[in-house]
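A short worksheet on the structure shown next.
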Amino acid sequence: MATSQTPEMVAAHVPFADLCSTLERIQRSKGRAEKIRHFREFLDSWRRFHDALHKNQKDVKDSFYPAMRLILPQLERQRMAYGIKETMLAKLYIELLNLPKEGKDALKLLNYRTPTGTRGDAGDFAMIAYFVLKPRCLQKGSLTIQQVNDLLDSIASNNSARRKDLMKKSLLQLITQSSALEQKWLIRMIVKDLKLGFSEQSVFSVFHNDAAELHNVTTDLEKVCMQLHDPSVGLSDISITLFSAFKPMLAAIADIDRIEKDMKHQSFYIETKLDGERMQMHKDGNEYEYFSRNGYKFTDQFGDSPQKGSLTPFIHGAFKTDVQTCILDGEMMAFNPNTQTFMQKGNKFDIKRMVEDSELQTCYCVFDVLMVNNKKLGRETLKKRHEILTSVFTPIPGRIDIVQKTLAHTKKEVIDALNEAIDKREEGIMIKHPLSIYKPDKRGEGWLKIKPEYVDGLMDELDVLIVGGYWGTGSRGGMMSHFLCAIAEKPPPGEKPSVFHTLCRVGSGYTMKELYDLGLKLAKHWKPFHRKAPPGSILCGTEKPEVYIEPCNSVIVQIKATEIVSSDMYKTGCTLRFPRIEKIREDKEWYECTSLDDLERLRGKASGKLASKHLFVGDDEPQEKRRKAAPKVKKVIGIIEHLKAPNLSNVNKVSNIFEDVEFCVMSGTESHPKPDLESRLAEFGGYIVQNPGPDTYCVIAGSENIRVKNIISSDKHDVVRPEWLLECFKTKRCVPWQPRFMIHMCPSTRQHFAREYDCYGDSYFTDTDLNQLKEVFSAMKNPGEQSPREMASAITNLECRYSWDRSPLSMFRHHVIYLDLYAVINDLSTKIEGTRLAFTALELRFHGAKVVSCLAQGVSHVIVGEDRSRLADLKAFRRTLKRKFKILQQDWVTDSIDKCELQEENQYLV
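Quick note: the sequence shown, position 870, residue 870 per UniProt numbering, numbers continuous.
This is the structure:
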């Protein structure tokens with residue numbers, strides 16, 4: 001039993017059963033007015049009891065919060081993190097009630113989402129548990145609201161400490177002292193879905209007129225209940241305060257045709273829409289706090305002081321000396337210092353859990369300021385706030401920056417900005433009115449957002465086959481609510497595909513009627529999916545469906561998504577980010593879905609982004625398209641001019657040297673622009689595409705723009721200078737590639753060149769003429785000009801070429817290692833450890849490492865012994881470096897040497 005609280009707390013006197021019966025009446029009531037009446041009766045009764053209990057007392061720290069947190073558990077996600085879902089509860093009930101595992105009731109609990117045909121409770125675990133528990137439980141429980149909260153707090157704290165045994169103990173107390181009805185509501189509180197048909201805004205409005213507004217600026221339910229206990233007393237100043245998380249202002253989806261009207265025909269700001277994590281930073285001197293958009297605290301990750309975290313130590317010095325306190329709103333991004341680019345969220349990283357040893361670094365991109373030196377700025381205009389923001393700190397590239405605002409006036413400027421964002425593979429753009437004030441938790445109000453997926457015709461769509469399903473919960477109970485989709489493996493010529501690779505799981509984009517109709521169409525074909533005997537026609541990754549359907553009985557659905565991202569959950573090795581069903585392709589047979597080759601082509605087309613087309617409106621639209629367009633159509637989606645395939649129908653062939661060879665010309669030179677090169681290629685039999693795919697021979701680029709850089713980063717295509725084409729045209733033969741022609745080589749070409757040429761581009765086999773020799777010499781440096789790193793790189797390349805680096809004696813060749821001998825050299829008691837480290841240094845040198853005596857930039861690893869007294873100093877020094885070293889135990893060296901190969905470093909990290 002949890003420790004009882006002092007009798008002065010109302011919650012210690014109110015039976016939990018009273019709250020549950022109130023919730024039961026609210027749920028059963030039909031209209032909103034009746035639901036409000038039942039809640040108000042319970043609330044008024046609580047307040048009357050509170051006034052009687054605390055009569056003539058001052059500074060009472062008692063409120064309606066113990067009940068409110070149970071009525072609105074979804075607002076207490078961080079404080080009430082139980083780590084418990086329906087399946088775990090089902091197993092726990094089976095264990096505690098000693099139910100036969102294959103018995104009827106046990107299977108009901110475990111398969112709660114599967115329709116049984118006897119009741120309409122499929123998908124509602126709490127209702128199914130209620131009927132299983134009813135004959136086995138007390139008629140009325142004995143717990144008070146305070147005791148329930150104490151036990152739930154115990155579950156949450158033990159979940160955080162990963163003490164499953166103590167979690168079970170607290171759950172057992174709840175179960176054995178509660179009735180079936182009380183447990184039904186306990187389950188809903190634990191899974192944070194009460195299904196009352198009664199919104200949190202309705203609860204707040206009944207509690208106090210200012211409750212919703214105060215919660216928006218504090219996200220603290222307990223503070224709301226304490227400060228607004230008396231409904232007759234309002235708050236004169238409800239505003240954002242330091243070290244109290246607030247709900248950020250949000251943007252509404254824009255209609256491009258209405259932009260100028262929505263901005264009241266005045267000038268407006270355009271910003272890049274960043275693809276990171278919305279984060280607010282609160283600073284008071286050396287003290288920092290970070291909160292997510294949902295009010296979760298991430299201070300431990302980013303740092304509460306200049307000495308801790310993945311961000312604070314690097315940005316503390318950026319603030320102006322006269323700035324003591326401030327609150328900033330922005331986006332937390334992952335920055336790659338090697339490429340000087342921001343990473344998109346679709347990549348495999350979590351900005352909220354990045355470790356110090358990561359190759360990426362945390363960067364805070366700030367777009368608003370809400371307080372400076374205790375002056376609240378929420379009611380200032382955005383224009384004024386932006387002016388103030390520029391005086392708060394000095395940006396540090398890759399660490400803290402100000403999101404740039406571009407002043408615009410017209411719809412055309414918005415379209416140009418969106419097209420530029422598409423080219424840069426960015427998420428989209430933001431439109432903000434300069435005179436807008438900051439309104440927490442409001443959507444729109446002068447802030448708009450535009451993503452390519454919001455505009456018809458800009459996204460590449462995929463036609464995928466439904467191969468699996470998942471039973472729904474709530475309003476979707478008893479029907480398939482989500483589907484596992486797949487694409488086809490290329491079959492032999494003339495045959496239909498017989499094998500399908502899973503790609504994504506989708507559960508949105510359709511209406512309830514469309515979902516119901518689709519369910520009826522497929523209902524008779526679903527079969528249980530057995531993990532130990534899966535169907536041979538459907539290849540899955542780690543994600544498995546609950547039921548499957550034979551491909552020949554299924555339907556194709558058209559999917560829209562933002563991008564293709566890597567994932568091992570699906571057989572394709574990738575999945576779709578934010579997928580949603582656009583429509584059912586009644587016009588296509590089951591075997592006409594997207595293929596693996598189609599998917600690979602889309603991945604290479606725009607670095608995985610599914611937005612590659614441009615938007616044209618009005619006068620920007622190409623002339624020939626304007627002539628064809630219907631007179632009432634204001635907006636036509638098309639491909640921007642420089643991405644359109646050229647008209648080569650009138651070209652006369654002069655040679656067949658490039659017959660049916662596919663080229664992608666990104667850009668040319670001043671004297672030979674892109675259209676000229678494409679025309680000449682056609683004359684020589686070449687085939688022109690505008691985006692490289694699996695069959696593209698090479699990409700021609702006269703300059704390295706963003707599209708070329710994306711192609712280079714994909715490492716799938718050779719990128720060649722136009723000079724190679726010009727030489728082929730001149731000699732009328734396919735001139736072999738030489739190093740001077742290459743901008744980038746894919747792995748196979750790189751391997752071929754390594755066999756043909758040395759590092760200076762000099763051929764091992766072909767005779768060299770005078771001009772080529774001059775080029776080779778110009779690429780060489782005098783020995784005195786080569787840095788130690790370049791010399792080491794040359795030696796490493798030699799070792800790699802002649803397989804010397806595969807020898808165990810060279811296993812540490814690529815490492816620069818510092819051994820922490822400082823702590824032991826002057827201490828006789830640790831002389832043995834010092835001797836061990838010194839011996840380890842000799843072993844490292846013998847096995848190829850460069851061992852240094854000074855800790856500085858360039859060190860890749862630091863080895864420590866049993867003495868960890870200097871660990872904090874080492875980590876503090878590491879934060880000052882651009883390229884981080886790893887701190888490893890001495891055992892990593894000895895184990896690697898013993899096993900004749902480098903061991904996985906993560907298990908030796910200190």
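Ideal placement from N, C-alpha and C gives every residue a C-beta, glycine not left out.
Since the model is a prediction, treat every value here as computed from it, not as a measurement.
Item	Value
Contact set for V403: own chain, Cβ-Cβ below 8 angstroms, skip 5 residues either direction	E271, T272, L274, G330, E331, C365, V366 and F367
D220 versus P808: straight-line alpha-carbon distance, rounded	59 angstroms
Cβ neighbours of P100 in the same chain (closer than 7 angstroms, five flanking residues each side left out)	A106
Reduced DSSP category for W447 - H, G, I as helix; E, B as strand; rest coil	strand
Beta-carbon spacing of I657, F684 below 8 angstroms	yes
Cβ-Cβ separation, A81 to residue 995 (assumed contact under 8 angstroms), whole Å	No information on residue 995 is available, as it lies outside the stretch 1 to 910 that the chain covers here.
Cβ separation of I700 and V665, assumed to be a contact under 8 angstroms, to the nearest whole Å	4 angstroms
Q139, buried or exposed, once every other Cβ within 10 Å from all chains shown has been counted against 16	exposed
Where the alpha helix (DSSP H) containing G702 begins and where it ends	Counting along the chain, G702 falls outside any alpha helix (DSSP H), and DSSP gives it neither H nor E.
Whole-angstrom distance between L610 and L888, CA atom to CA atom	42 angstroms
Beta-carbon proximity of I388 to L370, cut-off 8 angstroms	no
contact_flag[the stretch 221 to 241, the stretch 407 to 424] where n(CB pairs < 8 angstroms) is 3 or more	no
Residue from G693, P694 and V661 whose Cα sits closest to the Cα of E678	V661
Cutoff 8 angstroms; reference A523; Cβ partners in own chain excluding five residues on either side	none
Of the residues L909, K884, L97 and A421, the one placed nearest L360, counting alpha carbons only	K884
D262, enclosing alpha helix (DSSP H) - first and last residue	I259 to D262
The alpha helix (DSSP H) enclosing V203, as first and last residue numbers	E200 to F207
Alpha carbon of V224 to alpha carbon of L75, nearest angstrom	12 angstroms
Rounded Cβ spacing between Y757 and P736 (contact assumed at less than 8 angstroms)	So it is not a contact: roughly 11 angstroms between Cβ atoms.
Identified DSSP bridge partners for G472	G477
Alpha carbon of V636 to alpha carbon of M459, nearest angstrom	The predicted position of V636 is uncertain, since its pLDDT is 36 and thus under 50; no value can be drawn from it.
Beta-carbon proximity of L484 to C593, cut-off 8 angstroms	no
Buried or exposed by the 16-neighbour rule on C-beta atoms within 10 Å, applied to V557	buried
Rounded distance between the beta-carbons of P694 and D597, thought under 8 angstroms	7 angstroms
Alpha-carbon to alpha-carbon, T835 and G428	59 angstroms
N286 vs P313 beta-carbon contact at 8 angstroms	no
Every unbroken beta strand (DSSP E) within the UniProt domain "BRCT" (807 to 910), with a cutoff of 3 residues, ordered by chain	816 to 819, 850 to 852, 861 to 864 and 886 to 889
Of the residues K439, Y288, E8 and F393, the one placed nearest M249, counting alpha carbons only	K439
Whole-Å CB distance - Q146 paired with A11, under 8 angstroms assumed	4 angstroms
Inter-stretch contact (C-beta, 8 angstroms, three-pair minimum) for the stretch 415 to 428 and the stretch 197 to 206	no
Cα-Cα separation between G573 and T696, rounded to whole angstroms	22 angstroms
Rounded separation between G295 and H13 - CA only	31 angstroms
Beta strand (DSSP E) segment containing A611, residue limits	Unbroken run through A611: none, as it is neither H nor E.
Cβ-Cβ distance between Y112 and E222 below 8 angstroms	no
Classification of S778 by the beta-carbon crowding that lies within 10 angstroms, buried from 16 upward	exposed
DSSP beta-bridge partners of F335	F342 and Q361
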